[in-house]
Every structure is written in C-alpha cells, then in structure tokens.
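Enquirer: Protein chains in written order, with the UniProt record's numbering: chain A, 1 to 191; chain B, 1 to 191. Just so it is clear, CB atoms sit at the ideal spot from N, CA and C, and this is done for glycine as well. I have a structure I would like to understand better, so I am pasting it below and will then ask my questions one at a time.
2 protein chains.
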Amino acid sequence: MTGTRREVPNDPGRKDRILDAALDVIAEWGVHRTTHRKIAERARVPLGSLTYYFDGLDDLLAQAFARLADTMSELYRATLQKAASAQEAEAAVVDLICGPAYATARDMTLIFEMYAYANHNPAVATTTRAWLHRSRGSLALHFPPHVGQALDVLVEGWPMHRTFDRTPPDRALVAATVHAIVTGVPSPSGT
Amino acid sequence: MTGTRREVPNDPGRKDRILDAALDVIAEWGVHRTTHRKIAERARVPLGSLTYYFDGLDDLLAQAFARLADTMSELYRATLQKAASAQEAEAAVVDLICGPAYATARDMTLIFEMYAYANHNPAVATTTRAWLHRSRGSLALHFPPHVGQALDVLVEGWPMHRTFDRTPPDRALVAATVHAIVTGVPSPSGT
DNA sequence: CCCTAGTGTGTACATCAGTACAGTCTTTTC
DNA sequence: GAAAAGACTGTACTGATGTACACACTAGGG
Numbered sequence: 001m002t003g004t005r006r007e008v009p010n011d012p013g014r015k016d017r018i019l020d021a022a023l024d025v026i027a028e029w030g031v032h033r034t035t036h037r038k039i040a041e042r043a044r045v046p047l048g049s050l051t052y053y054f055d056g057l058d059d060l061l062a063q064a065f066a067r068l069a070d071t072m073s074e075l076y077r078a079t080l081q082k083a084a085s086a087q088e089a090e091a092a093v094v095d096l097i098c099g100p101a102y103a104t105a106r107d108m109t110l111i112f113e114m115y116a117y118a119n120h121n122p123a124v125a126t127t128t129r130a131w132l133h134r135s136r137g138s139l140a141l142h143f144p145p146h147v148g149q150a151l152d153v154l155v156e157g158w159p160m161h162r163t164f165d166r167t168p169p170d171r172a173l174v175a176a177t178v179h180a181i182v183t184g185v186p187s188p189s190g191t
Numbered sequence: 001m002t003g004t005r006r007e008v009p010n011d012p013g014r015k016d017r018i019l020d021a022a023l024d025v026i027a028e029w030g031v032h033r034t035t036h037r038k039i040a041e042r043a044r045v046p047l048g049s050l051t052y053y054f055d056g057l058d059d060l061l062a063q064a065f066a067r068l069a070d071t072m073s074e075l076y077r078a079t080l081q082k083a084a085s086a087q088e089a090e091a092a093v094v095d096l097i098c099g100p101a102y103a104t105a106r107d108m109t110l111i112f113e114m115y116a117y118a119n120h121n122p123a124v125a126t127t128t129r130a131w132l133h134r135s136r137g138s139l140a141l142h143f144p145p146h147v148g149q150a151l152d153v154l155v156e157g158w159p160m161h162r163t164f165d166r167t168p169p170d171r172a173l174v175a176a177t178v179h180a181i182v183t184g185v186p187s188p189s190g191t
C-alpha cells in the first residue's frame, strides 16, 4: 500500500536505442521492408521490447522520425546561430546546402522516407510541418520572411538534386544563387 | 511450322492499365502497403495477371514510376516550350511551381514515394536521374545552364514545401525569386 | 470445324510479419 | 532476505503476402 513502488526502467535509454536502430533500418531498407524484427536485431533487443515500448509499428516510425526531425532542426539552427554578420549568414546557408555536416547522403535518404511516409501518417505530417516552421524560424534570425522562405526552398531542393545527380556540389553557384535571392527578392508588397 | 502464330495480346493496353492502377494505389497507400492484390483489384484484373506481365513487385513499381516520370517530363517540357520570350519563360517556371497543372497534390505524393523508393532500387534511381536531366534540358530551352540548375531546384523544392505547409502558393514571391535568379546568377566563372 | 500455340487465370502454398500474452526477471520496500 | 509489483521477454498464433503453376481460353491455320 506504499503507492507506486517502481517507476524506474531497468534499462533506461533503451527506447532511444530502439529509435536509432529504427532510423538505421529505414535508411538501409526503406520504410517498406522495415520490420519489427530487423529493428530488434539492429538494436540488440528482444522482439517483445518493441511492442512493449511502442504502440505498433506506425507509432515506432512516427517517434523515430520525430527524433530525426529534432536532430536535424538543432543542427540547422546551430549552423545559422554561429553566423555573426549578413555575410556569414549567407555562408551558413551555403553550408546547409553543400554540407558537409548537414544533408549527408544518409540524412537525405531518411528525409525522403519521412516525406513519403508523412503523406500517409498524420502524426508524421505534423512533425514535418513543425520542422518546416522551425527552419523558417532559424532563417528569420538573419533574413526577412520572404527571403527566408525562398532560401529554405533552396536548402530543401538542392541537396535532393545532389542526391541523385552524384555531382559534387558547386559551391560557387550555390553562393551566387543565395546572394541573388538575398539581394533580389523584395519585401512583401505592403512595403 | 508456320513460325510464331500469335503475337497479339488478347487484351492490349492491359499492362498500362495495371501501371496506372499501381500509381493510384501508391498515391493512396504509399509504397509500403502497396500489394499485388490492391493493384489487381483497382485495375479490375485477376491477381495472376500481375505475375504474368511483371517480374515481381519491384519490377512493377519500377515500371509504374517510369511511366510517372515520363508523363511529368512531357508536361514539364510542354509548359516551357509554349513560352516564346524570356518573360514568358519566367512565367512558365512560375506555373511549374504554383500549378495548377504541374505538381498537384497527387503528383507530389507520388514524387515523394518515387524519390524514397529510388534510394533502394537501382532501376528507379536511374529513372529519377534521367528525369532530372530531362528537366534540365527543358530549362535549357530558355536559360543558361547555371540559371537552369538553380531554377530546377526551385521547381523541385517549392512544391514540396507547399505540400506540407498547406498555404496557397504566393505567386508574387515565386515570381520575384525566379526573376532574382534569372537576373542575378552569373555565368560560369570562365566568362 | 478442329487443332495448335500462345495468352491469360484461379488457386494453392510457403513464408513472413504484426501482435498478444503467459511467464520471468529486477528492483524496491519492509 | 523475502515478498510484491512493476519491467521486461520468448514464443506462439493469426492473417496476409509474394509467387508458382496446372489449367482454361482465344484466335488463327489448314
């Protein structure tokens, strides 16, 4: 009658390890072909664990993608926060597009999977939308809203092309495009 | 001994109907959760047909995505070919980004699925790469290579954002961004 | 009009996946 | 140190899925 006796998990951090393993499996196999068993094996965890911690595979994937979005958002914001001038801000955007930290091949694969999956899972759709807004917010540290919106499109689209193109990123071209947008896109019509 | 006697299928066009049905199923359910049976039902075709015409599900999906890429490429090129001046070319790019013809919600869903799947299927990767090059080629009708590359990123990235944002496209902003790139991105460094 | 060769189909099967749950282990309290 | 309560696991089960293949159908030729 001492109230709840145990509230501490035997293996703390287990949940996160499962989520990381899930992302590994998704990156390697795609969401189609991702199974409880593959994730359990990767995480060195018994199969039963997955149904214990998660409410089915959809829930597990949703939480894994949420974790991914979090990590990427942090990186996105950190990259922009380091910039101390307008010039450095432009350079930061170029870094986001060309890497090497952000938008690695694995990242892009996962992002593709997430976007595809988001169209069939409301929770992941919400996560994705939130991520978009956080990116906008980070860009707002240095750029007016309209410019930020256009730049975010670049950060989104360019690595996608690179993923399939296989050509190394042309930093000069990216920098020129970023600069063209920063200097050439006017403020909202109201001004 | 009359050589091959029959070379005409009993039901010509059946294959294409299956591929169209496959795209419908993918758009509605996602590649994960796409099954032979769902496609067969949608196409009003017996299950055995699918293994008769296609070499497994991967092959079917690959051909379905190839069909999608073809259709989209045609539309992309047609839109740009209509433009008769530099100004009209810019407007055409804005149309590609904002619709209504190109990049509908269904299109975007399918494109996401295709990109995700391409990372796990070499044939679809090739299809995707080819599509990218065809887009570049179409843009080359009006723009120098560097500008075309940057514009293509916009055509790719902007509808993606719109898909999740749910906000109607801001044509003025898109037009301004396109214009900024066309006028602000210099030719290759060699010049 | 029947025969043939190629087109197409219904069904059955082996496999695998998601999930539930009876049972085991671990930690805490007294 | 033992008992209890919650944390965790091994396994079994149901259903669905990809695929093969023996069979039926259709269209020409003689």
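Counting only Cβ-Cβ distances shorter than 8 Å, please list the residues of the region 75 to 104 of chain B near chain A, keeping chain order.
Expert: The residues in question: there are none.
Enquirer: In angstroms, rounded to a whole number, what distance separates the CA positions of A:ARG83 and A:LEU61?
Expert: As a first step, residue 83 of chain A must be located in the first sequence, where it is residue number 83. As a first step, residue 61 of chain A must be located in the first sequence, where it is residue number 61. The residue you asked about is not Arg; residue 83 of chain A is Ala in the sequence shown. Taking the straight line joining both Cα atoms gives about 34 Å.
Enquirer: Answer with buried or exposed for A:PRO46, where buried requires no fewer than 16 other C-beta atoms within 10 angstroms of its C-beta.
Expert: By one-based count along the first sequence, residue 46 of chain A stands at place 46. With fewer than 16 Cβ atoms within 10 Å of its Cβ, A:PRO46 is classed as exposed.
Enquirer: Taking Cβ positions only, does A:MET160 come closer than 9 Å to chain B?
Expert: In the first sequence, residue 160 of chain A corresponds to position 160, counting from 1. Interface residue, yes.
Enquirer: Tell me which residues share the same chain as A:LYS15 and place their Cβ nearer than 7 Å to its Cβ, disregarding the 5 neighbours each side in the sequence.
Expert: Counted from its first residue, the first sequence places residue 15 of chain A at position 15. Hits under 7 Å: TYR53.
Enquirer: Between the Cα of B:HIS179 and those of A:THR71, A:PRO186 and A:THR79, spot the shortest distance and give me the residue it belongs to.
Expert: By 1-based counting over the second sequence, the position of residue 179 of chain B is 179. For B:HIS179, the nearest C-alpha among the options comes from A:PRO186.
Enquirer: Can you tell me which of A:LEU19, A:ALA21 and A:ARG162 puts its alpha carbon nearest to the alpha carbon of A:TYR97?
Expert: The count along the first sequence starts at 1 and reaches residue 97 of chain A at position 97. First, the residue type needs correcting, since residue 97 of chain A is Ile and not Tyr in the sequence shown. Checked all of A:LEU19, A:ALA21 and A:ARG162; the closest Cα to A:ILE97 is A:ARG162.
Enquirer: Cβ of A:ALA66 within 9 Å of Cβ of A:ALA123?
Expert: Within the first sequence, residue 66 of chain A is the residue found at index 66, counting from 1. Within the first sequence, residue 123 of chain A is the residue found at index 123, counting from 1. Contact: yes.
Enquirer: I think A:LEU75 touches A:HIS142, with their Cβ atoms under 8 Å apart; what is that distance to the nearest whole Å?
Expert: Locating residue 75 of chain A in the first sequence gives position 75, where the first residue counts as 1. Locating residue 142 of chain A in the first sequence gives position 142, where the first residue counts as 1. Their Cβ separation, rounded to whole angstroms, is 16 Å, which puts A:LEU75 and A:HIS142 out of contact at 8 Å.
Enquirer: Leaving aside the five residues before and after B:LEU110 along the sequence, list all residues of the same chain whose C-beta is less than 7 Å from its C-beta, in chain order.
Expert: In the second sequence, residue 110 of chain B corresponds to position 110, counting from 1. Hits under 7 Å: LEU23, ILE26, ALA27 and LEU68.
Enquirer: Please list, in chain order, all residues of the same chain as B:ARG106 whose beta carbon is under 6 Å from its beta carbon, the five residues on each side excluded.
Expert: Taking the second sequence and counting its residues from 1, the one referred to as residue 106 of chain B is at position 106. The answer, listed in chain order, is ALA27.
Enquirer: Assuming B:LEU50 and B:HIS32 form a contact by the criterion Cβ under 8 Å, report the distance between their Cβ atoms to the nearest whole angstrom.
Expert: On the second sequence, position 50 is the one that residue 50 of chain B refers to. On the second sequence, position 32 is the one that residue 32 of chain B refers to. The pair is not a contact, with the Cβ atoms about 18 Å apart (cut-off 8 Å).
Enquirer: Whose CA, out of B:LEU139, B:ARG134 and B:LEU57, lies closest to the CA of B:GLU88?
Expert: As a first step, residue 88 of chain B is located in the second sequence; it is residue number 88 there, counting from the start. Checked all of B:LEU139, B:ARG134 and B:LEU57; the closest Cα to B:GLU88 is B:LEU139.
Enquirer: So is A:HIS120 buried or exposed if we call it buried at 16+ other beta carbons inside 10 Å?
Expert: On the first sequence, residue 120 of chain A is found 120 positions in, with the first residue counted as 1. Flag for A:HIS120 reads buried.
Enquirer: Are there 16 or more other CB atoms within 10 angstroms of the CB of A:GLU41, so buried, or fewer, so exposed?
Expert: Numbered from its first residue, the first sequence carries residue 41 of chain A at position 41. So A:GLU41 ends up on the exposed side.
Enquirer: Please work out which residues of its chain come closer than 8 Å, Cβ to Cβ, to B:TYR117, disregarding the five sequence neighbours upstream and downstream, and give them in chain order.
Expert: Here residue 117 of chain B refers to the residue found at position 117 when the second sequence is read from its first residue. Hits under 8 Å: VAL31, LEU61, PHE65 and VAL124.
Enquirer: Counting only beta-carbon atoms, is A:THR191 nearer than 9 Å to chain B?
Expert: One-based indexing of the first sequence puts residue 191 of chain A at position 191. Low local confidence applies: a pLDDT of 45 at A:THR191 is under 50, so the model's placement there is unreliable, and no value is given.
Enquirer: Using a threshold of 9 Å, state whether the C-beta atoms of B:VAL153 and A:GLY137 are closer than that.
Expert: The residue you call residue 153 of chain B lines up with position 153 of the second sequence. The residue you call residue 137 of chain A lines up with position 137 of the first sequence. It is not a contact, given that the beta carbons lie outside the stated cut-off.
Enquirer: Report buried or exposed for B:GLY3, applying the criterion of at least 16 other Cβ atoms within 10 angstroms of its Cβ.
Expert: As a first step, residue 3 of chain B must be located in the second sequence, where it is residue number 3. Any reading at B:GLY3 needs caution, since the residue's pLDDT is 43, under 50, leaving its predicted position unreliable; the model's value is listed next. By the neighbour-count rule (16 or more Cβ atoms within 10 Å), B:GLY3 is not buried but exposed.
Enquirer: How far does the alpha helix (DSSP H) with B:ARG129 in it reach, from first residue to last?
Expert: Looking up residue 129 of chain B in the second sequence gives position 129. Unbroken alpha helix (DSSP H) run through B:ARG129: 122 to 139.
Enquirer: Tell me whether the beta-carbon of A:ASP176 lies closer than 9 Å to the beta-carbon of B:HIS146.
Expert: Locating residue 176 of chain A in the first sequence gives position 176, counting from the first residue. Locating residue 146 of chain B in the second sequence gives position 146, counting from the first residue. Note that residue 176 of chain A is Ala in the sequence shown, not Asp. Contact: yes.
Enquirer: With 9 Å as the threshold, decide whether the Cβ of B:PHE143 is near any Cβ in chain A.
Expert: In the second sequence, the residue the question calls residue 143 of chain B occupies position 143. By this cut-off, B:PHE143 is not an interface position.
Enquirer: Give, in chain order, every unbroken run of the alpha helix (DSSP H) that is at least 4 residues long and sits entirely within the region 54 to 116 of chain B.
Expert: 57 to 82 and 86 to 98
Enquirer: Hey, quick one: how far does the alpha helix (DSSP H) through A:VAL25 stretch, first residue to last?
Expert: Locating residue 25 of chain A in the first sequence gives position 25, where the first residue counts as 1. A:VAL25 -> alpha helix (DSSP H) spans 14 to 29.
Enquirer: Over the uninterrupted alpha helix (DSSP H) stretch that includes B:ARG37, give me the two end residues.
Expert: Counting from 1 along the second sequence, the entry for residue 37 of chain B is found at position 37. Element bounds for B:ARG37: 36 to 43.
Enquirer: Report, in whole angstroms, the separation of the C-beta atoms of A:MET160 and A:MET114, which I expect to be a contact under 8 Å.
Expert: Numbered from 1 along the first sequence, position 160 holds the residue referred to as residue 160 of chain A. Numbered from 1 along the first sequence, position 114 holds the residue referred to as residue 114 of chain A. Going by Cβ atoms, the distance from A:MET160 to A:MET114 rounds to 13 Å, so no, they are not a contact pair.
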